[in-house]
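Peer 1:
Protein chains: 2
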Amino acid sequence: MTERDAIRRIARKAQASNPRLIAGIGDDCAIWRSAAGEDLVFTTDFLLEGVHFTRPLYSAPDIGHKALARGLSDIAAMGASPQFCLLSLALAPNCDQRWMDSFYAGLLKLAKKFDTTLAGGDLSHADRVLCDIVVCGSVPRGKALRRDGARLGDLIFVSGPLGRDWREYRRPVPRIEFGLSIRAIATSCIDITDGLSLDLHRLCEASGVGAEVDCVPVRKGATLEQALGAGEDYELLWTMPDGAAAPKGSIRIGRITRDDGIFLQGQPLEARGYDHLQQ
Amino acid sequence: MTERDAIRRIARKAQASNPRLIAGIGDDCAIWRSAAGEDLVFTTDFLLEGVHFTRPLYSAPDIGHKALARGLSDIAAMGASPQFCLLSLALAPNCDQRWMDSFYAGLLKLAKKFDTTLAGGDLSHADRVLCDIVVCGSVPRGKALRRDGARLGDLIFVSGPLGRDWREYRRPVPRIEFGLSIRAIATSCIDITDGLSLDLHRLCEASGVGAEVDCVPVRKGATLEQALGAGEDYELLWTMPDGAAAPKGSIRIGRITRDDGIFLQGQPLEARGYDHLQQ
Chain C
1 MTERDAIRRI ARKAQASNPR LIAGIGDDCA IWRSAAGEDL VFTTDFLLEG VHFTRPLYSA
61 PDIGHKALAR GLSDIAAMGA SPQFCLLSLA LAPNCDQRWM DSFYAGLLKL AKKFDTTLAG
121 GDLSHADRVL CDIVVCGSVP RGKALRRDGA RLGDLIFVSG PLGRDWREYR RPVPRIEFGL
181 SIRAIATSCI DITDGLSLDL HRLCEASGVG AEVDCVPVRK GATLEQALGA GEDYELLWTM
241 PDGAAAPKGS IRIGRITRDD GIFLQGQPLE ARGYDHLQQ
Chain U
280 MTERDAIRRI ARKAQASNPR LIAGIGDDCA IWRSAAGEDL VFTTDFLLEG VHFTRPLYSA
340 PDIGHKALAR GLSDIAAMGA SPQFCLLSLA LAPNCDQRWM DSFYAGLLKL AKKFDTTLAG
400 GDLSHADRVL CDIVVCGSVP RGKALRRDGA RLGDLIFVSG PLGRDWREYR RPVPRIEFGL
460 SIRAIATSCI DITDGLSLDL HRLCEASGVG AEVDCVPVRK GATLEQALGA GEDYELLWTM
520 PDGAAAPKGS IRIGRITRDD GIFLQGQPLE ARGYDHLQQ
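Taken in order, these protein sequences are the chains called C and U.
The first sequence begins at 1 in the working numbering and counts up one residue at a time.
The second sequence begins at 280 in the working numbering and counts up one residue at a time.
1) At a Cβ threshold of 9 Å, is U/E514 touching chain C?
2) Quick one: using the 10 Å Cβ neighbour count with 16 as the cut-off for buried, is C/T239 buried or exposed?
3) Would you list, in chain order, the members of the stretch 284-317 of chain U that have their beta-carbon closer than 9 Å to a beta-carbon of chain C?
4) Quick check on the burial criterion: 16 or more other C-beta atoms within 10 angstroms. Buried or exposed for U/K287?
5) Name, please, each residue of chain C whose Cβ falls closer than 9 Å to the Cβ of U/E282.
6) Could you tell me the distance, in whole angstroms, from the CA atom of U/F332 to the CA atom of U/R537?
7) Shorter than 8 Å, the distance from the beta carbon of C/E270 to the closest heavy atom of the ligand NAD, or not?
8) Give me the Cα-Cα distance between C/P247 and C/A76, rounded to the nearest whole angstrom.
9) How many Å lie between U/L336 and C/I251 at the Cα?
10) For my contact list, U/F325 and U/D411 are in at a C-beta cut-off of 8 Å; report their separation, rounded to the angstrom.
11) In chain U, what lies closer than 8 Å to C/A227 by C-beta?
12) Which one of C/D242, C/Q226 and C/E235 has the shortest CA to CA distance from C/A271?
13) Closer than 9 Å, CB to CB, is C/R175 near chain U or not?
14) Over the uninterrupted alpha helix (DSSP H) stretch that includes C/Q97, give me the two end residues.
15) Leaving out five residues before and five after U/M280 in sequence, what residues of the same chain have Cβ atoms less than 6 Å from its Cβ?
16) Since C/I190 and C/D199 should fall inside the 8 Å C-beta cutoff, what is the C-beta to C-beta distance between them, to a whole number of angstroms?
17) Contact defined as beta carbons within less than 8 Å: I believe U/S367 pairs with U/D401. What is the distance between those atoms, to the nearest angstrom?
18) If we cut at 9 Å on Cβ distances, does C/D154 have a partner in chain U?
19) Buried or exposed: where does C/E3 fall if 16 or more other Cβ atoms within 10 Å of its Cβ makes it buried?
20) Three Cβ pairs or more, each shorter than 8 Å: is that satisfied between the stretch 306-320 of chain U and the stretch 416-436 of chain U?
21) Look at the Cβ atom of C/S197, then the Cβ atom of C/D154, and state whether they are nearer than 9 Å.
22) Candidates C/G50, C/F103 and C/A67: which alpha carbon is nearest C/P174's?
23) Would you identify the three-state DSSP class for C/P82, choosing helix, strand or coil?
24) Sort out for me which residues DSSP pairs C/E235 with in a bridge.
25) Of all the CB atoms in chain U, is at least one closer than 9 Å to the CB of C/G243?
26) Based on Cα-Cα distance, which residue from U/I310, U/A524, U/S403 and U/C483 lies nearest to U/Q362?
27) Residues of the stretch 115-127 of chain C in Cβ contact with chain U at a cutoff of 9 Å, in chain order, please.
28) When burial is assigned at 16 or more other CB atoms within 10 Å of the CB, is C/A36 buried or exposed?
29) Report the rounded CA-to-CA distance for U/R349 versus C/R219, giving the unit in angstroms.
30) By alpha-carbon positions, which one of C/D242, C/L72, C/G254 and C/V216 ends up nearest to C/Y234?
31) Which residue from C/L236, C/P172, C/A11 and C/H276 puts its Cα closest to that of C/K113?
32) Closest by CA to U/G439, which one among U/K422, U/A423, U/G343 and U/E511?
33) Please list, in chain order, the chain U residues whose beta carbon lies closer than 7 Å to that of C/I190.
34) Kindly indicate which residue of U/L409, U/P547, U/H344 and U/L387 has the alpha-carbon position closest to the one of U/C374.
35) Measure the alpha-carbon distance for C/Y104 versus U/A359 and round it to whole angstroms.
36) So, under 8 Å CB-CB, U/V437 and U/I471 are touching, yes? Tell me the CB distance rounded to an integer number of Å.
Structure, rendered in structure tokens:
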């Protein structure tokens, strides 16, 4: 398989049909037509063999799925609609054409579910499989959900019970619809992919506030420890004014307080979660 | 160094000041304000230790520079103005804070030269240094230079003599101004980062044409072989109608012909260049 053949195969499978994508796979750049009145949001996320997954615990389509899911989860956290993605992929020596086809099948299945066009990327080789996804989403001007909007007295919610083990959670489903459903009412939002305690700390720090957490919804089979610090939950954590109607599936976990710390049932809640530079 | 500290340091150094960048480093996504009447172009490029560079042959600022230069070269090939970039970086075990600071110094110096705002990215760890750059450029609607516009009778040009050795070429300067200067007259364009012969084949294939190359401008100290196939030239290869005025520095190398092959002085010119899947 040459690079040219591989790119042709990928382009055929991607079959871009978004009228705003003027040029997709096959040129130096993808070309996207701007529209006034919208903001575009961009995220980029690594998915690296040996760091974020191992083989054969993860199959090729699992890896393709998860590479995109990581980016889509950030798009969900902004309350945005996904538009297109670019994928940088380095193949390991034992990844043949069949492996590559399966990888893209996994990625494109999820892309189709959320109307995300594969618009381009880069192809390389390495001693391990390396993925880096870029996702672009759109949102009406000024309406993106940010981390820094939580205000004193706001209630804090999560979109589902927490405590996922990344080894078991091969095909996470990003909460795109959920993000869209809270866009008009949320004051701040973040996705929980590094653990509730760490991501709550990040949200509070960005907003310059504190928090009092009353209860943590723990997934069946998980421990409180896992719910607080395991990460990989792909749920949303958000705040909204007291009295607003939360969408179905919302779980209230606490309230935003003055900037004097983050507490769980009266005890200081440390930021425990995955830190890439502390491994 | 924790991830949080590292992100703060990077954000402080990046000092985003682009009024269209509504939110930069520090949220789930960067937020970019769209404008009607423009097209945005996007590219993503790996720069991987052991594949694209080695240490200590490349210093930290060399690597930061080159990571961005690869993306900017694609933006130049579209005739676009760079706007912002996102950088995914995995640090190796022996990369300390000083290394990271030097890396970003190299990247941000080049970014400043070409008004490119560092808007976000991802930070991770791996056994080797891994970079993946995303660059966004803008161009008036419908004016992006593509590979597929070369027409029978067009003249073929390059932006400078060819034959670079990647081991020696640590700080390539992308031809942004050159790309802008040919945007109104070129019918097609590609950057030569995989070797003239391979990139000319790509341009001709996309355009459905052939080519007759009369002469290849070889850099002082390089061989014809290197000029044709070594890659890493960071020059532009473009076509334009016979009779149009080429900008200063342009070197005419041949003419577009019917789709019956690519020839150098009457001999078939094979596509020799770097193929990531054939290593």
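Beta carbons: idealized from backbone N, C-alpha and C, even for Gly.
Peer 2: Short version:
1) Answer no: the Cβ-Cβ gap between U/E514 and chain C never drops below 9 Å.
2) Buried is the call here.
3) Those residues of the stretch 284-317 of chain U that come within reach of chain C (Cβ to Cβ, closer than 9 Å) are D284, A285, I301, A302, G305, D306, D307, C308, A309, I310, W311, R312, S313, A314, A315, G316 and E317.
4) In the sequence on display, residue 287 of chain U carries Arg and not Lys. Exposed is the call here.
5) Under the 9 Å cutoff, chain C gives D194, Y274, D275, H276, L277 and Q278.
6) Each residue's CA atom was taken as its position, placing U/F332 and U/R537 some 39 Å apart.
7) In the structure on display, the ligand NAD does not appear, and there are no ligands present to speak of.
8) Pairing C/P247 with C/A76, the inter-Cα distance amounts to about 15 Å.
9) Their Cα atoms are separated by approximately 54 Å.
10) Contact between U/F325 and U/D411 is confirmed by a C-beta separation of about 5 Å, below the 8 Å threshold.
11) What C/A227 touches in chain U: nothing, since even the nearest Cβ is about 21 Å away.
12) Nearest to C/A271 by alpha-carbon distance, out of C/D242, C/Q226 and C/E235, is C/Q226.
13) No, its Cβ sits nowhere closer than 9 Å to a Cβ of chain U.
14) Going by DSSP, C/Q97 is part of the alpha helix (DSSP H) stretching over Q97 to K113.
15) Cβ within range, chain order: Q376.
16) Rounded to whole angstroms, the Cβ separation of C/I190 and C/D199 is 5 Å, and the two are in contact under 8 Å.
17) So it is a contact: roughly 4 Å between Cβ atoms.
18) C/D154 does not count as touching chain U.
19) Looking at its Cβ environment, which holds 16 or more other Cβ atoms inside 10 Å, C/E3 is buried.
20) Yes, the stretch 306-320 of chain U is in contact with the stretch 416-436 of chain U.
21) For the pair C/S197 and C/D154, the CB atoms are not nearer than the 9 Å cut-off.
22) Comparing Cα positions, the closest option is C/A67.
23) The answer is strand: DSSP assigns C/P82 an E or B state.
24) Looking at the DSSP assignment, C/E235 forms a beta bridge with C/I192.
25) Using a Cβ-Cβ cut-off of 9 Å, C/G243 does not count as an interface residue toward chain U, since no Cβ of chain U sits closer than that to its own.
26) Proximity to U/Q362 across U/I310, U/A524, U/S403 and U/C483 peaks at U/I310, based on C-alpha coordinates.
27) Those residues of the stretch 115-127 of chain C that come within reach of chain U (Cβ to Cβ, closer than 9 Å) are A119, G120, G121, D122, L123, S124, H125, A126 and D127.
28) Exposed: under 16 other Cβ atoms inside 10 Å.
29) Linking U/R349 to C/R219 through their CA atoms gives a straight-line distance of about 45 Å.
30) Of the candidates C/D242, C/L72, C/G254 and C/V216, the one whose C-alpha sits nearest the C-alpha of C/Y234 is C/L72.
31) Ranking C/L236, C/P172, C/A11 and C/H276 by Cα distance to C/K113 puts C/P172 first.
32) For U/G439, the nearest C-alpha among the options comes from U/E511.
33) Simply D307.
34) Proximity to U/C374 across U/L409, U/P547, U/H344 and U/L387 peaks at U/L409, based on C-alpha coordinates.
35) Cα to Cα, C/Y104 sits roughly 30 Å from U/A359.
36) 7 Å between Cβ atoms; contact.
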